[in-house]
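**Student:**
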Amino acid sequence: MSKRDYYEVLGLGKDASNDEIKKAFRRAAVEHHPDRGGDEANDIFGNFFGGQQGGQRRGAKQARGSDVETKIELKFEEAVFGTEEKLNIRLDDTCSHCKGTTAEPGYELKTCDTCKGSGQVMKVIRTVFGNMQQATVCGECKGAGKVPEKVCSVCAGKGTEKKEQEIDLKIPAGIDDGATIRLREHGEAIANGPKGDLYVHIRVKPHKKFTREGELILSEQHIDMVEAALGTEIEVDTVDGPIKMKIPAGTQSGTDFKLSGHGVPKIKSSHRGAHIVTVVVDTPSKLSKKQKEILEEFKDHKKGLFGL
């Protein structure tokens, strides 16, 4: 793919001044404003100024702890109705010896020599207009602006130590297989900054009777051909327990019956989907002599029963 000539896009020559470029950019910003469905102006200006709007310096982003991922497995019914889980996980937490200060107790923090207490250092980047400065987090003090006179003997100045933690996790009703729950600031700790996030990936065990499609629960119910022909009342298993269901006379194999309100709840809602029961009519493979005689007699009188 050919590289775009942003001077040409702005209608400028390669010898255009900084002010001329800014004026042309403002015109492009109006024309390609995001409210009008475009973002080209930001793209253009980012290429001129190394990704910084208006060539302005941006403050360095505050350091934060690392994000953590884990998995849990739920039963089918737990996913439908929701549950509470306790997660036992080993994470970086605030050092119990230095309380996160990074300094050995009894010693103070001093101004960082590298950043002179600002928590930031300036990095030089090259642009078409020459070298420009960009603020980044100081690697020596990790953005704190201070360093310990003597580092903590337990955490070696890290400010954190590994600890076993028990985290209460509330699983909402209706959660599906493959979903992810985000717990803000429950990840790894860091000195002088917020914790990272904890991402919990959900796996739902398959059920031996039920399957799920969104808010619907699906199952099959087998009946014999006599029940299908004459009609009957059967007991159907649902996540709410057994429910009586009427089968009308003449029911065909593959007919679906809807049990409203017995499906999966919509997350953060009182609404529940339906349970769809598909009736399967079983044909007998072994018959007694008497049963065969009855069916033979039925065969002689079936005219008109099947549209014949």
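If you read the sequence shown in our numbering, its first letter stands for residue 46, the second for the next number, and so on. Note that CB positions come from ideal geometry on N, CA and C, so glycine has one too.
Expressed to the nearest angstrom, what Euclidean distance is found between the alpha-carbon atoms of residue 414 and residue 165?
**Tutor:** Here the chain covers residues 46 to 353 and nothing more, so residue 414 does not appear.
**Student:** Taking the alpha carbon of residue 258 as the reference point, which residue from 236, 311, 273 has its own alpha carbon closest?
**Tutor:** For the purposes of this step, residue 258 is taken as the residue at position 213 of the sequence shown. It is 311.
**Student:** Give the single residue among 126, 224, 136 whose Cα lies nearest to the Cα of residue 111.
**Tutor:** Taking the first residue of the sequence shown as position 1, residue 111 is located at position 66. If we check each option's Cα against that of residue 111, 136 comes out closest.
**Student:** Name the two residues that bound the continuous alpha helix (DSSP H) containing residue 406.
**Tutor:** This structure cannot settle anything about residue 406, because the visible part of the chain is limited to 46 through 353.
**Student:** Using 9 Å as the threshold, is the C-beta distance between residue 192 and residue 200 below it?
**Tutor:** Locating residue 192 in the sequence shown gives position 147, where the first residue counts as 1. Locating residue 200 in the sequence shown gives position 155, where the first residue counts as 1. For residue 192 and residue 200, no; Cβs fall outside 9 Å.
**Student:** Quick check for students: name the residue ranges of the beta strand (DSSP E) that lie wholly in the region 128-202, counting only runs of 3 or more.
**Tutor:** List check, beta strand (DSSP E) in window: 128-139, 154-156, 165-172, 175-182, 191-193.
**Student:** Along the chain, where does the beta strand (DSSP E) containing residue 302 start, and where does it finish?
**Tutor:** For the purposes of this step, residue 302 is taken as residue 257 along the sequence shown, with counting starting at 1. Here the beta strand (DSSP E) through residue 302 covers 301-304.
**Student:** Roughly how many angstroms separate the alpha carbons of residue 243 and residue 280, rounded to a whole number?
**Tutor:** Along the sequence shown, one-based indexing puts residue 243 at 198. Along the sequence shown, one-based indexing puts residue 280 at 235. The alpha-carbon atoms of residue 243 and residue 280 are separated by roughly 44 Å.
**Student:** For residue 292, count neighbouring C-beta atoms within 10 Å of its own C-beta (all shown protein chains included) and say buried if the count is 16 or more, exposed if not.
**Tutor:** What you label residue 292 is simply residue 247 of the sequence shown in a count that begins at 1. Buried is the call here.
**Student:** Is it buried or exposed for residue 189, if we count other Cβ within 10 angstroms and need 16 for buried?
**Tutor:** Taking the sequence shown and counting its residues from 1, the one referred to as residue 189 is at position 144. Under this definition residue 189 is a buried residue.
**Student:** Quick one: grab the DSSP three-state call for residue 284.
**Tutor:** Residue 284 sits at position 239 when you count from the first residue of the sequence shown. If DSSP states are grouped into helix, strand and coil, residue 284 belongs with coil.
**Student:** Could you have a look at residue 72 and say whether DSSP puts it in helix, strand or coil?
**Tutor:** Looking up residue 72 in the sequence shown gives position 27. Residue state, collapsed to three classes: helix.
**Student:** Run the CB neighbour count on residue 170, radius 10 Å, all protein chains shown included, and call it buried at 16 or more, exposed below.
**Tutor:** Position 125 of the sequence shown holds residue 170. Classification of residue 170: exposed, given that the 10 Å Cβ count is below 16.
**Student:** Are the beta-carbon atoms of residue 321 and residue 303 separated by less than 9 Å?
**Tutor:** Counting from 1 along the sequence shown, the entry for residue 321 is found at position 276. Counting from 1 along the sequence shown, the entry for residue 303 is found at position 258. Against a cut-off of 9 Å, the Cβ pair of residue 303 and residue 321 comes out as a contact.
**Student:** For residue 265, is the classification buried or exposed, using 16 other Cβ atoms within 10 angstroms of its Cβ as the cut-off for buried?
**Tutor:** Numbered from 1 along the sequence shown, position 220 holds the residue referred to as residue 265. Per the 10 Å Cβ criterion, exposed.
**Student:** Using the rule of at least 16 other Cβ atoms within 10 Å of the residue's Cβ for burial, across every protein chain shown, is residue 341 buried or exposed?
**Tutor:** Along the sequence shown, read from residue 1 onward, the residue named residue 341 stands at position 296. Counting Cβ neighbours within 10 Å, residue 341 comes out exposed, since fewer than 16 surround it.
**Student:** Verify whether the separation of the beta carbon atoms of residue 213 and residue 130 is less than 9 Å.
**Tutor:** For the purposes of this step, residue 213 is taken as residue 168 along the sequence shown, with counting starting at 1. For the purposes of this step, residue 130 is taken as residue 85 along the sequence shown, with counting starting at 1. Yes, these two residues count as a Cβ contact at 9 Å.
**Student:** What number of angstroms, rounded off, separates the C-alpha of residue 109 from the C-alpha of residue 232?
**Tutor:** Sequence index remark: in the sequence shown, residue 109 carries index 64 (1-based). Sequence index remark: in the sequence shown, residue 232 carries index 187 (1-based). Taking the straight line from one Cα to the other gives about 10 Å.
**Student:** Going by Cα to Cα distance, which pick from 123, 60, 323 is closest to residue 222?
**Tutor:** One-based indexing of the sequence shown puts residue 222 at position 177. Residue 222 has its Cα closest to that of 123, out of 123, 60, 323.
**Student:** From the DSSP output, read off the bridge partner residues of residue 229.
**Tutor:** Here residue 229 refers to the residue found at position 184 when the sequence shown is read from its first residue. In DSSP, residue 229 forms no bridge with anything.
**Student:** Does DSSP classify residue 66 as helix, strand or coil?
**Tutor:** Looking up residue 66 in the sequence shown gives position 21. Of the three classes helix, strand and coil, the one that applies to residue 66 here is helix, per DSSP.
**Student:** Kindly give me the distance between the Cβ atoms of residue 250 and residue 132, rounded to whole angstroms, as I take these residues to be in contact under 8 Å.
**Tutor:** One-based indexing of the sequence shown puts residue 250 at position 205. One-based indexing of the sequence shown puts residue 132 at position 87. Not quite, the Cβ-Cβ distance comes to about 18 Å (not below 8 Å), so this is no contact.
**Student:** Do residue 319 and residue 299 come within 9 Å of each other at the CB atom, strictly closer than that value?
**Tutor:** As a position in the sequence shown, residue 299 is number 254, starting the count at 1. As a position in the sequence shown, residue 319 is number 274, starting the count at 1. No, they are not a contact pair.
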